[in-house]
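K.L.:
Have a look at the structure that comes next, please.
Residue numbers (the working numbering): 545 to 1504.
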């Protein structure tokens, strides 16, 4: 057996029979992290234990295959991609092994996500100090690899300062413990090997004392290279701290004992406005005298992009300015912290640089502001004007008192190269993140970028700084280390790695013998797949190829909490079930190298299979990836002129079949409730675990629509059209009646429009040619010179009319119709008469917001409206309901649908106290159907918001 990969997998089948190892095109997502680089792996392994890691390393050494350890895959420097076996430690090695509140420590596996650790330590008043903006998905192992810092590094410094011990596996499969005193074997049989390894390290340090003492540890954020100064005699030969920041190039960390810090009882946040980032940097030394926990900076481009993507209300609490600082102070009580904040604000006003400033009192505003800062990398990657920017020089750091001078010179350097940079970062620590509009797709652009990076390295060294302040050197800056360190120091780095990894198999291409910084660039592409599409992708200059390129690997879709994205990843924990994983495989499809069968790719089809088409990523993803649209386009091309899955016919054509069903609803419902119904469901690819919703008759619909108050019945003219969508028409016509009554009561009498369809079900099943015909008919009927608002009770249909219709048809008529579309919530928010008050409402509401409404109608959320109307407590299930239109009705998706429901919706329903009068509100038909499936047997029924507000209802929305 001559193929190393075949020998490797055969060896692992013997030594680790339960270990999952993936090969082939399906591993394409692991060719990327959050950097500019693409390095396809030969295999991806998913170890469950340290013994699995031992088996992989021994097999790789035997076969000469390199190994790259990977956590959350959020590296911006190319530290988490490699050409051999990628070890995904996040998938299974993610257990918190012990928390010792008395000692203030925790022992965790390398794949533990930072937020998960902090959630477990919070009840003890403890947390892990370093807090990168990627805290919701970065792993402790990844933070150790990069020596990560974060927003509060002014107070807590780098990860290396919080490491007590590391459990490592060496390249030859030896398990050892590195701590403050050296290296210790975890298996007595390895004592001789471990003793020899430590002795070799000690000899190296003794031989290089002078350069280590003079070149390393000069400024707080000096992460570049290896941190050998921790091994100096005066520092106690702290091998644990020395291995932090080695980027997996010396050993694989499987677990760590970390030191925790106490959380402060009180804190305050100041927001300070400036004319530019240099002015902001000038104030940093003064601010640092007040001992803040955080001093974060950003420029106006990030804020503008956030507002464009998520609505004006997504950023509140910022004073006037074109650049801002966030300053956080903490202390023992709110009063003293507030006094310190007010004093600092007065001092800064007197200095004369700020354009405005305020103490942010609202907790909601604080969360909003921190989210803007934390999404900086993604927001800066694809700006509101469509421009793209890239990392590569995103992590330089200087001493804080040098920051203003460095930024001034750095901006001049950018201008001299004709480049633009979006600046943000940890100004209090002198660390500047910047994404630059490099042209990495052409030979000339790559030459220019290389020239700029060389000059940027010289500039930061001139200011006494470091190439990397927390992201590590990786592939992006390893080649530039010679600009920062002497040749003797470079040789010492190489000798240190050789002690641990003599064959150079661990994460090759970083720090020692680095790859060229312009090698393996993802944008250096061969001839791309022709991508003529039906969707127009109006926000992406390069159409579909540019749309899928939006994903730059930030990985917010791998978060378990916050927002709605990505429900399938939250249910399965698989990279290929995340928005990022799918986008990366689509990028591979467009490249046509590892994924060679284009639109017919089964690997891409399988990755998209569990996408619920919830559209949450189009809002939650900082770069605006819209996987639902990409999936629809892919399914259209994949099944073109081919037999489709059965559910595409049974559910995709539901608007047509349900319209027919209305003429014989009663006998059809009786038939579907019997054995024949189960047979028909199976024939249609529909799960038999669910009850098929009952069809409404045409007579029911006519009666309801005649009852809707119009302008004539209210003594005026009709002010809007009430779009009666296919779901409302077929399954719950009473919602149309309630919506009409509420709107009339709010001063918006409507005229119902029946017989039209938004085309959503054909879009979600990828039958785009049919969808276009249906949409074109609807647009022709609505764009008839009538400019009245179009109010849609079903949020998913409103979203389709608002976004899918114009993006699929691409006509001015479609855009005119889209501009008129309102959800029911949006209509009451924007069009209701001033002073309108609804009937009495329950004090408590459990709310499930439809994902499409969440994603498409920014700032028009049912939860906000309910609170404004006087509901005391709105308990919103933050996440997808799991049914997601056709998805949860498809037999192969039922289990995933229920797993998604378990994340947020089911716990809310299970928490309803039967003794309390709590309303359950879900405007989406699929959401209401899922609620009925989950809790209908307990008498819980979901109401549309219109039913809750209906002036004709006896006891609106209360479930006994």
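Backbone N, C-alpha and C fix where the C-beta goes; we use that ideal spot for every residue, glycine too.
Can you pull the DSSP bridge partners for residue 1361?
P.N.:
Paired residue(s): none; residue 1361 is not in a bridge.
K.L.:
One question on the structure: do residue 576 and residue 1128 come within less than 8 Å of each other, judged by their Cβ atoms?
P.N.:
Cβ distance < 8 Å, so residue 576 and residue 1128 count as in contact.
K.L.:
Note down the Cα distance separating residue 1204 from residue 1489, rounded to an integer number of angstroms.
P.N.:
Straight-line Cα distance between these residues: approximately 28 Å.
K.L.:
I'd like the list of long-range same chain contacts for residue 735, defined as Cβ closer than 7 Å, with 5 residues on each side in sequence excluded.
P.N.:
Closer than 7 Å at the Cβ level, and outside the excluded window around residue 735, lie 729.
K.L.:
Can you name the start and end residues of the alpha helix (DSSP H) that residue 1433 belongs to?
P.N.:
Premise fails: residue 1433 is in no alpha helix (DSSP H) and is neither H nor E.
K.L.:
For the structure I just gave you, are there three or more beta carbon pairs, one from the stretch 942–949 and one from the stretch 898–913, closer than 8 Å?
P.N.:
With the cut-off at 8 Å, the stretch 942–949 and the stretch 898–913 do not touch.
K.L.:
Do the stretch 828–847 and the stretch 856–874 touch if we need at least three Cβ pairs shorter than 8 Å?
P.N.:
Touching, per the Cβ criterion.
K.L.:
Residue 811 bridges to which residues according to DSSP?
P.N.:
874, per the DSSP bridge assignment.
K.L.:
Figure out for me which residue from 914, 943, 1451 and 997 has the closest Cα to the Cα of residue 680.
P.N.:
When only C-alpha atoms are compared, the closest one is 914.
K.L.:
What is the DSSP secondary structure of residue 818, counted as helix, strand or coil?
P.N.:
It is a strand residue.
K.L.:
Could you pull the start and end residues of the beta strand (DSSP E) that residue 842 belongs to?
P.N.:
Element bounds for residue 842: 838–843.
K.L.:
Between which residues of its own chain and residue 863 is the CB-CB distance below 8 Å, once the five residues before and five after are set aside?
P.N.:
Excluding sequence neighbours, residue 863 sits near 815, 816, 817, 898, 899, 900, 901 and 902.
K.L.:
Using the Cα positions of residue 521 and residue 1320, report the straight-line distance between them to the nearest angstrom.
P.N.:
Here the chain covers residues 545 to 1504 and nothing more, so residue 521 does not appear.
K.L.:
Span of the alpha helix (DSSP H) holding residue 1272?
P.N.:
Note, residue 1272: alpha helix (DSSP H), 1270–1275.
K.L.:
So the beta strand (DSSP E) residue 1178 belongs to, where does it begin and stop?
P.N.:
Residue 1178 -> not in any beta strand (DSSP E); alpha helix (DSSP H) instead, spanning 1171–1182.
K.L.:
Which one or two residues does DSSP pair with residue 1478 in a beta bridge?
P.N.:
According to DSSP, residue 1478 bridges with nothing at all.
K.L.:
Give the secondary structure of residue 679 by DSSP, where H, G and I count as helix, E and B as strand, and everything else as coil.
P.N.:
Note: residue 679 maps to coil in three-state DSSP.
K.L.:
Between the alpha carbons of residue 1443 and residue 626, how many angstroms are there, rounded?
P.N.:
Between residue 1443 and residue 626, the C-alpha separation is close to 33 Å.
K.L.:
Do you know offhand how far residue 940's Cα is from residue 965's?
P.N.:
C-alpha separation (whole angstroms): 13 Å.
K.L.:
Answer yes if the stretch 1415–1422 comes into contact with the stretch 1431–1442, meaning at least three C-beta pairs across the two stretches below 8 Å, and no otherwise.
P.N.:
They do not touch, by the three-pair rule.
K.L.:
Can you confirm whether residue 807, when its beta carbon is compared against all beta carbons of chain C, has any partner nearer than 8 Å?
P.N.:
In the structure shown, chain C cannot be found, because there is only a single protein chain.
K.L.:
Counting only the same chain and skipping the five closest in sequence on each side, list residues whose C-beta sits under 8 Å from that of residue 1502.
P.N.:
With a pLDDT of 45 at residue 1502, under the threshold of 50, the modelled position of this residue cannot be trusted, and the question is left open.
K.L.:
Using the Cβ count rule (16 or more neighbours within 10 Å means buried), how would you classify residue 1113?
P.N.:
Residue 1113 comes out buried.
K.L.:
Let me make sure I understand the geometry here. Which of 963, 1181, 1100 and 596 has the alpha-carbon closest to that of residue 923?
P.N.:
Residue 1100 is the option with its Cα nearest to residue 923.
K.L.:
Would DSSP call residue 1040 helix, strand or coil?
P.N.:
The answer is helix: DSSP assigns residue 1040 an H, G or I state.
K.L.:
Only counting runs of 4 or more residues, tell me where the alpha helix (DSSP H) segments fall wholly within the stretch 679–707, in order along the chain.
P.N.:
Entirely contained in the stretch 679–707, the alpha helix (DSSP H) runs reaching 4 residues are, in chain order, 684–690 and 697–700.
K.L.:
How about residue 684 and residue 652: do their beta carbons lie closer than 8 Å?
P.N.:
Contact: yes.
K.L.:
Measure the C-alpha to C-alpha separation of residue 1105 and residue 1171 and round it to an integer number of angstroms.
P.N.:
For residue 1105 and residue 1171, the distance between alpha carbons rounds to 19 Å.
K.L.:
Should residue 1523 and residue 1308 be called a contact, given that it needs their Cβ atoms to be closer than 8 Å?
P.N.:
For residue 1523 there is no data in the structure shown, the boundaries of the chain being 545 and 1504.
K.L.:
Just the Cα atoms here: how many angstroms apart are residue 1472 and residue 1391?
P.N.:
Cα-Cα distance, rounded: 10 Å.
K.L.:
With a threshold of 16 other CB atoms inside 10 Å of the CB of residue 1026, please say whether the residue is buried or exposed.
P.N.:
That one is exposed.
K.L.:
When the Cα of residue 1253 is compared with those of 1496, 1412 and 1096, which residue comes out closest?
P.N.:
Comparing Cα-Cα distances from residue 1253 to each of 1496, 1412 and 1096, the minimum goes to 1496.
K.L.:
Between the C-alpha atoms of residue 837 and residue 896, what's the straight-line distance to the nearest angstrom?
P.N.:
Roughly 23 Å separates the two Cα atoms.
K.L.:
Give the DSSP-derived three-state secondary structure of residue 1521 in the structure shown.
P.N.:
Past the edges of the chain, shown from 545 to 1504, lies residue 1521, and the structure says nothing about it.
K.L.:
Under 8 Å by Cβ, that's how I've got residue 839 and residue 1009 pegged, so tell me the actual separation to the nearest angstrom.
P.N.:
No, residue 839 and residue 1009 are not in contact; Cβ-Cβ is about 17 Å, not under 8 Å.
K.L.:
Where does the unbroken beta strand (DSSP E) through residue 1296 begin, and where does it stop?
P.N.:
Unbroken beta strand (DSSP E) run through residue 1296: 1294–1297.
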